[in-house]
């Protein structure tokens, strides 16, 4: 029963976190609460060279935020960086390396 209670508490905490994120950022990662919806300054985003940056607010970007420079900033590209074929190739390469016993300390 105690295990289920912990699981239920975790699920409730996660639901609150998701609701908070949705309140801060509407569809497509844009900030909620008005604005033009294009991710520009009015929406809390900045465009630069095909990238969009949103400030999630210090303390709101997850457990690794403090270890990353600008960890509270969320970056997105306007277009994919890699093609589907390139992604598949990377996955295949990683799978082969893992099958051969390689690992990472990340």
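In this note's numbering, the protein residues as written are 1087 to 1192.
Just so it is clear, CB atoms sit at the ideal spot from N, CA and C, and this is done for glycine as well.
Nearest to residue 1139 (by Cα), restricted to the options 1159, 1100, 1146: Position 53 of the chain shown, counted from the first residue, corresponds to residue 1139. Ranking the options by Cα distance to residue 1139, first place goes to 1159.
Rounded separation between residue 1092 and residue 1190 - CA only: As a first step, residue 1092 must be located in the chain shown, where it is residue number 6. As a first step, residue 1190 must be located in the chain shown, where it is residue number 104. Cα-Cα distance, rounded: 31 Å.
Sheet register partners of residue 1161 (DSSP bridge): As a first step, residue 1161 is located in the chain shown; it is residue number 75 there, counting from the start. Residue 1161 has 1139 as its beta-bridge partners, per DSSP.
Neighbourhood of residue 1136 by C-beta, 7 Å cutoff - its chain only, sequence neighbours within 5 removed: Walking along the chain shown from the start, residue 1136 turns up at place 50. Taken in chain order, the residues that qualify are 1163, 1164, 1165.
Three-state class that DSSP yields for residue 1095 in the structure shown: As a position in the chain shown, residue 1095 is number 9, starting the count at 1. If DSSP states are grouped into helix, strand and coil, residue 1095 belongs with the helices.
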